[in-house]
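Participant: Sharing a structure, written as structure tokens. Questions coming.
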Amino acid sequence: MNPAKDRFICIHGHFYQPPRENPWLRQIEIQESAHPWHDWNTRISKECYAPNTQARILDEKGWLVNIINNYEHISFNFGPTLLSWMEEHDPDTFQAIVDADRTSRKNRSGHGNAIAQAYNHMIMPLASARDKITQVIWGIKDFCSRFGRDPEGMWLPEAAVDLETLEILVDHGIRFTILAPGQAKRYRNSPDGRWVTLSQESIDPSRPYLCRLPNGNEIAVFFYDGPISHDIAFRGLLGNGEEFKNRLMGGFSDKRTWPELVNIATDGESYGHHHRFGEMALAYALTRLFQLKDVTLTNYGEFLDTHPATAEVEIVEKSSWSCAHGVGRWYKDCGCCVQHKPGWNQKWRTPLRASLNLIRDRVDRIYEAQASKLLKDPWSARNEYIGVVLDNHDTIPRFLADNSLRQISDEERVLLLKLLEIQHNRMLMYTSCGWFFDDISGIESLQILQYAARVLQLASPFDESLEQDFLEELAGARSNVRPFPSGADIFTRQIQPNVTGLDKVAAHMTVSSVFEREESLGGVYNYEAEVHDSVRDDFADRMLVVRHVSIVDRVTTEKQQFAVAMFYLGGVDFRCSVRNFESPDAYAKIKKGLLGVLSRHSSTELIRQMDSHFPGTYFTLQDLFIEQRQSIIDLVTERMYRDQARLLNLFYKENKSLAVFIRENGAHLPDTFLVAAQLVLNRQFLKEMGKLSKGRFPDKLASILDEAKFWKITPDISSAEKLIRTRILELLTALCGDSGSESIPSEIIRFLDLCRDMDLPVQLGEAQILFFRTSRQACRLETTPLPRQLQELAQRLRVVIA
1 MNPAKDRFIC
11 IHGHFYQPPR
21 ENPWLRQIEI
31 QESAHPWHDW
41 NTRISKECYA
51 PNTQARILDE
61 KGWLVNIINN
71 YEHISFNFGP
81 TLLSWMEEHD
91 PDTFQAIVDA
101 DRTSRKNRSG
111 HGNAIAQAYN
121 HMIMPLASAR
131 DKITQVIWGI
141 KDFCSRFGRD
151 PEGMWLPEAA
161 VDLETLEILV
171 DHGIRFTILA
181 PGQAKRYRNS
191 PDGRWVTLSQ
201 ESIDPSRPYL
211 CRLPNGNEIA
221 VFFYDGPISH
231 DIAFRGLLGN
241 GEEFKNRLMG
251 GFSDKRTWPE
261 LVNIATDGES
271 YGHHHRFGEM
281 ALAYALTRLF
291 QLKDVTLTNY
301 GEFLDTHPAT
311 AEVEIVEKSS
321 WSCAHGVGRW
331 YKDCGCCVQH
341 KPGWNQKWRT
351 PLRASLNLIR
361 DRVDRIYEAQ
371 ASKLLKDPWS
381 ARNEYIGVVL
391 DNHDTIPRFL
401 ADNSLRQISD
411 EERVLLLKLL
421 EIQHNRMLMY
431 TSCGWFFDDI
441 SGIESLQILQ
451 YAARVLQLAS
461 PFDESLEQDF
471 LEELAGARSN
481 VRPFPSGADI
491 FTRQIQPNVT
501 GLDKVAAHMT
511 VSSVFEREES
521 LGGVYNYEAE
531 VHDSVRDDFA
541 DRMLVVRHVS
551 IVDRVTTEKQ
561 QFAVAMFYLG
571 GVDFRCSVRN
581 FESPDAYAKI
591 KKGLLGVLSR
601 HSSTELIRQM
611 DSHFPGTYFT
621 LQDLFIEQRQ
631 SIIDLVTERM
641 YRDQARLLNL
651 FYKENKSLAV
661 FIRENGAHLP
671 DTFLVAAQLV
681 LNRQFLKEMG
691 KLSKGRFPDK
701 LASILDEAKF
711 WKITPDISSA
721 EKLIRTRILE
731 LLTALCGDSG
741 SESIPSEIIR
751 FLDLCRDMDL
761 PVQLGEAQIL
771 FFRTSRQACR
781 LETTPLPRQL
791 QELAQRLRVV
801 IA
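Mind the numbering: the sequence shown is residues 1 to 802 in my numbering, read in order.
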């Protein structure tokens, strides 16, 4: 067996989610399939990315004894678009990941655990050489902006590889990549050794291999251990941390004569999302490996630095880790799918890719023809444009100064930025997830079609037939879901209604101003707004709003002025008309023609007047952005429910005594009363739980629950767990700051008692972690034992106090 110093383990996690942002708003809208979370990024961050920054280690009794940041000890890559979202929406997790890379550099001879990823998970062998270069450059620039250093390695989306891609990696300073064992075609142990062709057997993954490229360069390739990685992802190996550790140790062999590297690679989401508490199994295995003297934890960069590749390999051209047919999964019905369903096929993949390729080829010609009039080098500028995206478009002036042929006008600036946005969204529409799953109607395919719609919107003025030609190609993609619509049907029904122009933004803001308590006068999402004039005319339950507004797209800097008229008829019934602002006189004429009509005439007359001033289409509730549309619906239905609740509450109170008599005498209660009791007590329950948001204890909750128990009904407690958990975390945070700390432990215990009495299981993982840190800090500062209240709280939270 190799000596201890020659045995190494490297665990790699590929952490990635596809870009999910609405391409017009640059924000992720609510995704119902991710309920109870807002969207899938939020959900998976809560289940995986965040827990891995503070993974719990439990003893044999299930008590918390330690927490570690897993990212400090494993190799990892994060999708750039995911980190962009995380930096804004989960900054604590983002910072913990960046800090983990910094710590690993100190511990591993300057080699950080993080490696880069090709930008938006495009399948590289199916991309043009120009797109491959941009994907690599964008991925590297994104990595440098976040981790403050150059990457040594790069993860290829789906590990999909060809020689041209590897040449581009080397050209841009990448030393190594990671592939599946089945992607090795043949190998030899030394430059002058005999080639061994791999057919039934798999390549030995315990060492790096040198891949010599057609252009004379070379790159190191690590092949991960297939069986162990497979069992982590699909065979439940993360169900037990000790078994996980033992399986890793079982990857070593007495037969090898070289320094051994047991390395595995899986989706990072295995550690907590795909497998609940997988981050804890990983943390436990890492901790046990720390204790072993005959093995060293490492990362790829460090291992390669001390053990350069001597064996050589040739790869299987155009292969991947998740398709047995090379890269067929992303352009044809190769047989790979998530679930085999009778009668289903994935023939839609071919026309979907063909339709996007049609867009790509046509808009690239548009881009080159138009941008070459303004830019020194259009394609070099595209590569540099990622800096503008990363800086949230604040650096547009500097970008233009560096890349423009000359001083450009405002109109030329807008044109140029639109051209660059065509290229940005054209990249995003090739995100691999659009083909990976089983049907074109899935959210992943719909997402890439949204990016295609944005490209079409910006490019159509240069190519009037582009959209129609695209739809004709896309019509060949048939959904498996009844009534089996074509891709073109899906696009026109589900995607085109989301297309947003500045006029829609003006309408959205005007409608929202009626319902929101505090209007967002500065704008919405990535649009800025200025209200130059606004008047409102109310009569009975109807309302008219007339406005002069300016809307600016922060991405393209395009600016337009609009005249807007919104007629509200109550409930969710309104219509909003928008037209270009022509002149102050024309706007004054519109105001004069509309104001006062409500009080003098019928609603029909006002609508007739609006049609005369605003010919053409108008906006309704369904044209609002999803979040605000849902907010308005919730507001209106809450008003409706509140009115009905008063009646139900009165009914319940007036008949309660009679119902008690009926129940106590064993007679059957009318269903009408039980329905009223359910609704009334549910409302009282939620009102009482609402005290938590104000820092108060729901002291009437017990009586409400007793009353519900008497009627044999169960209040909807689905929201109670989150509210109580949030309040416990607030109290523990206050305890960390020593804010009235003497009473806080007893109040937390009071909440724990409440959950016990309600038979409500509450997730206490975050509470354990927070208390663990608090108690450890207190133990370091205090020479006397912790106060009795803290010791009791430790018992209730099952935390071992050092």
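Ideal placement from N, C-alpha and C gives every residue a C-beta, glycine not left out. Everything numeric in this text was worked out from a predicted model, so none of it was measured.
What is the rounded straight-line gap between the Cα of LEU248 and the Cα of VAL262?
Facilitator: Counted from its first residue, the sequence shown places residue 248 at position 248. Counted from its first residue, the sequence shown places residue 262 at position 262. Roughly 7 Å separates the two Cα atoms.
Participant: Could you give the uninterrupted runs of the beta strand (DSSP E) lying entirely in the stretch 279 to 357, keeping only those of 3 residues or more?
Facilitator: With a minimum length of 3 residues, the continuous beta strand (DSSP E) runs that stay inside the stretch 279 to 357 are 311 to 315.
Participant: If you drop the 5 nearest sequence neighbours on each side, which residues of the same chain put their C-beta closer than 6 Å to that of PRO485?
Facilitator: Within the sequence shown, the letter at position 485 stands for residue 485. Answer for PRO485: SER479, listed in chain order.
Participant: Classify GLN200: buried if its beta carbon has 16 or more other beta carbons within 10 angstroms, exposed otherwise.
Facilitator: Stepping through the sequence shown from its first residue, residue 200 is reached at position 200. With fewer than 16 Cβ atoms within 10 Å of its Cβ, GLN200 is classed as exposed.
Participant: Between LEU405, GLU243, ASN498, GLU721, which lies nearest to ASP377 when the distance is taken from Cα to Cα?
Facilitator: Numbered from 1 along the sequence shown, position 377 holds the residue referred to as residue 377. For ASP377, the closest C-alpha among the options LEU405, GLU243, ASN498, GLU721 is that of LEU405.
Participant: Just to confirm, are LYS318 and ASP162 a CB contact at a threshold of 8 Å?
Facilitator: In the sequence shown, counting from the first residue as 1, residue 318 sits at position 318. In the sequence shown, counting from the first residue as 1, residue 162 sits at position 162. Yes. Within cutoff.
Participant: Confirm, please, whether the CB-CB distance from ALA309 to LEU416 is below 8 Å.
Facilitator: Your numbering for residue 416 matches position 416 in the sequence shown. Your numbering for residue 309 matches position 309 in the sequence shown. Going by C-beta atoms, LEU416 is not nearer than 8 Å to ALA309.
Participant: Specify the secondary structure class of GLU528 as computed by DSSP and reduced to three states.
Facilitator: Taking the sequence shown and counting its residues from 1, the one referred to as residue 528 is at position 528. GLU528: strand per DSSP, three-state reduction.
Participant: With DSSP as the reference, label HIS548 as helix, strand or coil.
Facilitator: Taking the first residue of the sequence shown as 1, we reach residue 548 at position 548. Correct three-state label for HIS548: strand.
Participant: My understanding is that ASP101 touches ALA118, with C-beta atoms under 8 Å, so please give their C-beta distance in whole angstroms.
Facilitator: Start at 1 with the first residue of the sequence shown, and residue 101 comes out as number 101. Start at 1 with the first residue of the sequence shown, and residue 118 comes out as number 118. Contact doesn't hold; Cβ gap of about 19 Å is too wide.
Participant: Hey, could you find the ends of the beta strand (DSSP E) PHE223 is sitting in?
Facilitator: Your numbering for residue 223 matches position 223 in the sequence shown. PHE223 -> beta strand (DSSP E) spans 218 to 223.
Participant: State the DSSP-derived secondary structure class of TYR209, mapped to helix, strand or coil.
Facilitator: If you number the sequence shown from 1, residue 209 lands on position 209. Here DSSP, grouped into helix, strand and coil, assigns TYR209 to strand.
Participant: Assign ASN805 to buried or exposed, taking buried as 16 or more other Cβ atoms, counted over all protein chains shown, within 10 Å of its Cβ.
Facilitator: The structure shown does not extend to residue 805, since the chain is modelled only from 1 to 802, so the question has no answer here.
Participant: Excluding the five sequence neighbours on either side, which residues of its own chain have a C-beta within less than 6 Å of the C-beta of TYR49, listed in chain order?
Facilitator: Taking the first residue of the sequence shown as 1, we reach residue 49 at position 49. Only THR93 meet the Cβ criterion.
Participant: Would you report the Cα separation of THR500 and THR431, rounded to the nearest angstrom?
Facilitator: In the sequence shown, counting from the first residue as 1, residue 500 sits at position 500. In the sequence shown, counting from the first residue as 1, residue 431 sits at position 431. One alpha carbon belongs to THR500, the other to THR431, and they sit about 22 Å apart.
Participant: Identify, in the order they occur along the chain, each residue of the same chain with its Cβ nearer than 7 Å to the Cβ of ALA369, setting aside the five sequence neighbours on each side.
Facilitator: Here the question's residue 369 lines up with position 369 in the sequence shown. Excluding five sequence positions before and after ALA369, none of the CB atoms of its chain fall closer than 7 Å to its own CB.
Participant: If you check the beta carbons only, do LEU735 and THR774 fall under 8 Å apart?
Facilitator: Locating residue 735 in the sequence shown gives position 735, counting from the first residue. Locating residue 774 in the sequence shown gives position 774, counting from the first residue. Yes, they are a contact pair.
Participant: I need the DSSP call for ASP537, collapsed to helix, strand or coil.
Facilitator: Position 537 of the sequence shown holds residue 537. Here DSSP, grouped into helix, strand and coil, assigns ASP537 to strand.
Participant: So LEU502 and ASP553 are supposed to be a Cβ contact under 8 Å. How far apart are they, rounded?
Facilitator: Counting from 1 along the sequence shown, the entry for residue 502 is found at position 502. Counting from 1 along the sequence shown, the entry for residue 553 is found at position 553. The pair is a contact, with the Cβ atoms about 6 Å apart (cut-off 8 Å).
Participant: Rounding to the nearest angstrom, what Cα-Cα distance links GLN795 and LEU764 in this structure?
Facilitator: Here residue 795 refers to the residue found at position 795 when the sequence shown is read from its first residue. Here residue 764 refers to the residue found at position 764 when the sequence shown is read from its first residue. Cα-Cα distance, rounded: 13 Å.
Participant: Just to check my reading of the structure: ARG547 and VAL531 have Cβ atoms closer than 8 Å, yes? What is that Cβ distance to the nearest angstrom?
Facilitator: Taking the first residue of the sequence shown as 1, we reach residue 547 at position 547. Taking the first residue of the sequence shown as 1, we reach residue 531 at position 531. The pair is a contact, with the Cβ atoms about 6 Å apart (cut-off 8 Å).
Participant: Suppose you measure from the CA of ASN70 to the CA of PRO157; what does that come to, to the nearest Å?
Facilitator: Taking the sequence shown and counting its residues from 1, one reaches residue 70 at position 70. Taking the sequence shown and counting its residues from 1, one reaches residue 157 at position 157. In a straight line, the C-alpha of ASN70 is about 23 Å away from that of PRO157.
Participant: With burial defined as no fewer than 16 other Cβ atoms inside 10 Å of the residue's Cβ, what is the status of SER128: buried or exposed?
Facilitator: Within the sequence shown, the letter at position 128 stands for residue 128. Exposed, because fewer than 16 other Cβ atoms sit within 10 Å of the Cβ of SER128.
Participant: Using 10 angstroms around the beta-carbon of VAL799, count the other beta-carbons present and answer buried if the total reaches 16, otherwise exposed.
Facilitator: If you number the sequence shown from 1, residue 799 lands on position 799. By the 16-neighbour rule on beta-carbons within 10 angstroms, VAL799 is buried.
Participant: Kindly indicate which three-state DSSP category HIS14 falls into: helix, strand or coil?
Facilitator: Mapped onto the sequence shown, residue 14 falls at position 14. Strand at HIS14.
Participant: Distance, Cα to Cα, GLN183 vs HIS325?
Facilitator: Your numbering for residue 183 matches position 183 in the sequence shown. Your numbering for residue 325 matches position 325 in the sequence shown. Straight-line measurement puts the Cα of HIS325 at about 11 Å from the Cα of GLN183.
Participant: Is the CB-CB distance between SER109 and HIS12 below 8 Å?
Facilitator: Against the sequence shown, residue 109 aligns to sequence position 109. Against the sequence shown, residue 12 aligns to sequence position 12. No, the pair does not count as a contact, with Cβ atoms beyond the cut-off.
Participant: Does the contact criterion of 3 or more C-beta pairs under 8 Å hold for the stretch 503 to 517 versus the stretch 454 to 470?
Facilitator: no
Participant: Are the CB atoms of TYR284 and ILE137 within a distance shorter than 8 Å?
Facilitator: For the purposes of this step, residue 137 is taken as the residue at position 137 of the sequence shown. For the purposes of this step, residue 284 is taken as the residue at position 284 of the sequence shown. For ILE137 and TYR284, no; Cβs fall outside 8 Å.
Participant: In chain order, what are the residue ranges of uninterrupted alpha helix (DSSP H) at least 4 long that sit wholly in the stretch 117 to 200?
Facilitator: 129 to 147, 163 to 171
Participant: Tell me where the alpha helix (DSSP H) around PHE562 begins and ends.
Facilitator: Numbered from its first residue, the sequence shown carries residue 562 at position 562. Premise fails: PHE562 lies in the beta strand (DSSP E), 559 to 568, not in any alpha helix (DSSP H).
Participant: What are the start and end residues of the beta strand (DSSP E) that includes ALA734?
Facilitator: For the purposes of this step, residue 734 is taken as residue 734 along the sequence shown, with counting starting at 1. Here ALA734 belongs to no beta strand (DSSP E); instead the alpha helix (DSSP H) covers 720 to 736.
Participant: Cβ of LEU770 within 8 Å of Cβ of LEU732?
Facilitator: Taking the sequence shown and counting its residues from 1, one reaches residue 770 at position 770. Taking the sequence shown and counting its residues from 1, one reaches residue 732 at position 732. Yes.
Participant: Can we say the stretch 571 to 590 touches the stretch 611 to 626, given the rule of at least three CB pairs closer than 8 Å?
Facilitator: yes
Participant: At the level of alpha carbons, what is the spacing between LEU705 and PHE685?
Facilitator: In the sequence shown, counting from the first residue as 1, residue 705 sits at position 705. In the sequence shown, counting from the first residue as 1, residue 685 sits at position 685. Their Cα atoms are separated by approximately 8 Å.
Participant: Are there three or more Cβ pairs, one per stretch, closer than 8 Å when the stretch 13 to 28 is compared with the stretch 36 to 48?
Facilitator: yes
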